[in-house]
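Notes to accompany the following structure.
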Amino acid sequence: MLTEALRGTDRDGFLGQQSAWERIRTTRRADPATLLFVVLALLFGGVFSVAVPQVWGPDEPQQFYRAYQVAHGGFLPLHVATVHGAPMFGGQVPRSVEALKAVGPWRLWDKPVRSPVYGDPAGHRRAEAGSLSGPTETQWFTNTAAYAPLCYLPQALALRAVEAFGGSIGDAIAAMRLAGLAAYTLLVGLAVYALRSSTTQWLAVVVGLLPPAVFQAAVISADTLTNGVSILFLALVTRVAFLHRRLTAWQTWSLLAAAITLPVLKPTSVVLLPLLLLVRARMLTLRPGVAVGDREEEAGRKPSPAPGRHLLLSRAVLASATLAGLALTAWWARVSAPTGNGMGWVRGAGRENTVRPAEQASFVVHHPWYMVRVLARTAADHGWRLIEELLSQTGYNVQGSAVAACLSVVALLLVVGITERLRPGRWPLVLVSVVLVSGVGAVFGALYLGFNPVGLYEVIGVQGRYFIPLALLALVLLCSLLPLRLDVPGPRTRRQVVVTVAVCLVLSLTVALAKYVLMTYVTIA
């Protein structure tokens, strides 16, 4: 009897039966999946942050302008001019950034045969040495002015630090990239760690190490923090709703913080908030220490019910966080709404008045069947491109690697094959399915309303990287619905599969990085 009490089985069957001492020792040991993610994210993200020429990231000049504005107290969108009836939003930025922007990238659109894509490296280095404290000029960045200041918190702090030490514009961009990468690695690392002792954590590892996700984290972007918070939020919901495990104190407060900030970081993420309905109050821990019933859970017994006061307080806190997230989202949507009328400037001169969100919304409401055809045409014409971009996109200047995409698919299939069958119940499956479909629709809807001309025949501007926050939710749903699994006879074989997944991830990132470097700095055929 005593022997049976001191023996246990880990939740996913990786290690088989363990003694009490072995369980204590493995609990203190670093989690392999978390360690792998942190090492690969910092390694390849750091190399990408150096390899990608400065201001060559997706809309990186405009992203820098907004981060600079936030760092200097410009939290709200600033209207700077109205030209041809279309408003322009922006602010004062250093002229040195515009000088850096003007060097190099313009060679991209006129690529001579067997010639470097990078353009003028020497001129680029001279521009990077420009001063941050020099003269400023007014620049418009309507597309990024709509982002909440919270999106740029890591980059803004890094910028202020560089300014305090008298660094150059090149130093600032490098520091801002690394700050965003560190924030992303921390958030997704916490997500992976929250799913430890379950094979579902490898789903988070693979999603977090997709080449587009690592590339996005390595450049200045509002989506860096959004992707990290989204993956952490979905991992914690998965822990509660699909793995039926209680949240610790830091996990509880992380979930509540994510619920408040996620819709503000990206308004389309508001569709994820209904997932909080799957979080039961008894699964939360509001104070540090052992949660109610945790000892029973660890011993393999059904946890005892939580006290009534704990349940009441947990429900109140959960409801308050949800309402706070909705309130902040509504407030920021109202504040940033005027920027929608200026999005035509992003489409180019002469089309500044083609984007009118109010008229577009009215058109959508009065032409529902036409919108069905718009979505069908968009899916037919761009569906495969979006999937390819989700798996391999590395910015606008270099097309993603097909080999990297294939390696990512192999890693995803292997992870799904070894993930334990998730049994959340019928109601959670229905809710997750509705949220997933709504999330995809929200991305297309937001682009159609806020970026497309009125009544356009398809949705343009959608990119595969926009769906990174939803990828983890889709994989969790797939593991719940798909009964097929790989025939893995024992822990040793399962470890071999995990090693194969890690090798695929390393090769995928290596191939994506190698292609980007070759296409940017060496030559093209």
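Residues in the sequence shown are numbered consecutively from 46, following our numbering.
All C-beta atoms in this analysis are idealised placements derived from N, C-alpha and C, irrespective of residue type, glycine included.
Remember, predicted model here, so these are calculated numbers, not experimental data.
Residue i, buried or exposed, once every other Cβ within 10 Å from all chains shown has been counted against 16
i, result
"Leu550", "buried"
"Val158", "Because the pLDDT at Val158 is just 48, under 50, the model does not fix this residue reliably, and the value given afterwards should be weighed accordingly. Exposed, since its Cβ has fewer than 16 Cβ neighbours within 10 Å."
"Ser407", "exposed"
"Glu173", "buried"
"Asp268", "buried"
"Trp390", "buried"
"Tyr415", "exposed"
"Ala167", "exposed"
"Ala336", "A caution first: Ala336 carries a pLDDT of 47, below 50, which makes its placement in the model too unreliable to give a value."
"Thr230", "buried"
"His412", "exposed"
"Gln200", "buried"
"Gly211", "exposed"
"Glu434", "buried"
"Ser160", "Below a pLDDT of 50, predicted positions are generally treated as unreliable, and Ser160, at 48, falls in that range; the measurement from the model is reported next regardless. Under this definition Ser160 is an exposed residue."
"Asp426", "exposed"
"His169", "buried"
"Leu563", "exposed"
"Tyr561", "buried"
"Ser243", "buried"
"Asp532", "exposed"
Delimiting residues of the alpha helix (DSSP H) encompassing residue i
i, result
"His411", "Pro402 to His411"
"Trp247", "Gln246 to Gly253"
"Ala236", "Ile214 to Ala239"
"Glu105", "Glu105 to Ala116"
"Tyr493", "Arg471 to Gly495"
"Thr545", "Pro536 to Val562"
"Thr297", "Ala294 to Leu310"
"His169", "Pro166 to Glu173"
"Val499", "Note, Val499: premise wrong, no alpha helix (DSSP H); not H, not E."
"Ser266", "Where Ser266 is concerned, there is no enclosing alpha helix (DSSP H), given that its DSSP letter is neither H nor E."
"Val521", "Ile513 to Leu526"
"Pro257", "Pro256 to Ala262"
"Phe89", "Pro77 to Ala96"
"Pro333", "No alpha helix (DSSP H) contains Pro333, which DSSP labels as neither H nor E."
"Cys196", "Element bounds for Cys196: n/a, residue is neither H nor E."
"Ala326", "Where Ala326 is concerned, there is no enclosing alpha helix (DSSP H), given that its DSSP letter is neither H nor E."
"Leu459", "Ala447 to Ile463"
Residues near residue i by beta carbon distance below 7 Å, same chain, minus five either side
i, result
"Leu202", "Ala224"
"Thr384", "Pro122, Phe134, Thr187, Ala190 and Ala191"
"Val259", "Ala86, Phe89, Gly90, Phe93 and Leu554"
"Leu552", "Leu452"
"Val115", "Pro194, Tyr197 and Ala201"
CB of residue i within 9 Å of CB of residue j, strictly
i, j, result
"Leu558", "Phe82", "no"
"Thr297", "Leu318", "no"
"Val274", "Arg222", "no"
"Asp76", "Tyr197", "no"
"Ala220", "Ala304", "no"
"Arg325", "Val285", "yes"
"Pro469", "Leu371", "no"
"Ile276", "Val252", "yes"
"Phe620", "Val380", "Within the shown structure, residues of the chain are numbered from 46 to 570, placing residue 620 beyond reach of any answer."
"Ala450", "Ser437", "yes"
"Gly490", "Ala131", "no"
"Leu329", "Ser359", "yes"
"Ala112", "Leu204", "yes"
"Ser483", "Leu522", "no"
"Ile463", "Val548", "no"
"Pro514", "Ser314", "yes"
Cβ shell of residue i (< 6 Å), same chain only, five flanking positions each side left out
i, result
"Lys311", "Thr271"
"Glu182", "Arg140"
"Arg70", "Residue placement at Arg70 cannot be trusted, given a pLDDT of 46 that sits under 50; what the coordinates show is reported in the next sentence. There are no such residues."
"Leu34", "This structure does not reach residue 34, given that the chain is present from 46 up to 570, and the question cannot be answered."
"Leu518", "Leu279 and Leu481"
"Val556", "Ser446, Val448 and Ala449"
"Gln508", "Glu434"
"Ala302", "none"
"Ala227", "none"
"Thr293", "Thr330"
Residue span of the beta strand (DSSP E) that contains residue i, given as start and end
i, result
"Met133", "Ala131 to Pro139"
"Ala126", "His124 to Val128"
"Thr189", "Per DSSP, Thr189 belongs to no beta strand (DSSP E); it is in the alpha helix (DSSP H), Thr187 to Ala190."
Contacts around residue i, its chain only, beta-carbon distance under 8 Å, and the 5 residues preceding and following it disregarded
i, result
"Ala528", "The question names Ala, but residue 528 is Pro in the sequence shown. These residues qualify, in order along the chain: Arg466."
"Arg340", "No answer about Arg340 holds up, because its pLDDT of 43 lies below 50 and its placement is not dependable."
"Leu474", "Leu522, Ser525 and Leu526"
Chain C contact for residue i (CB, 9 Å cutoff)
i, result
"Thr189", "Among the chains in the structure shown there is no chain C, since it carries only a single protein chain."
Cβ-heavy atom distance, residue i to the ligand COA, below 8 Å
i, result
"Ile513", "The ligand COA is not part of this structure, which contains no ligands at all."
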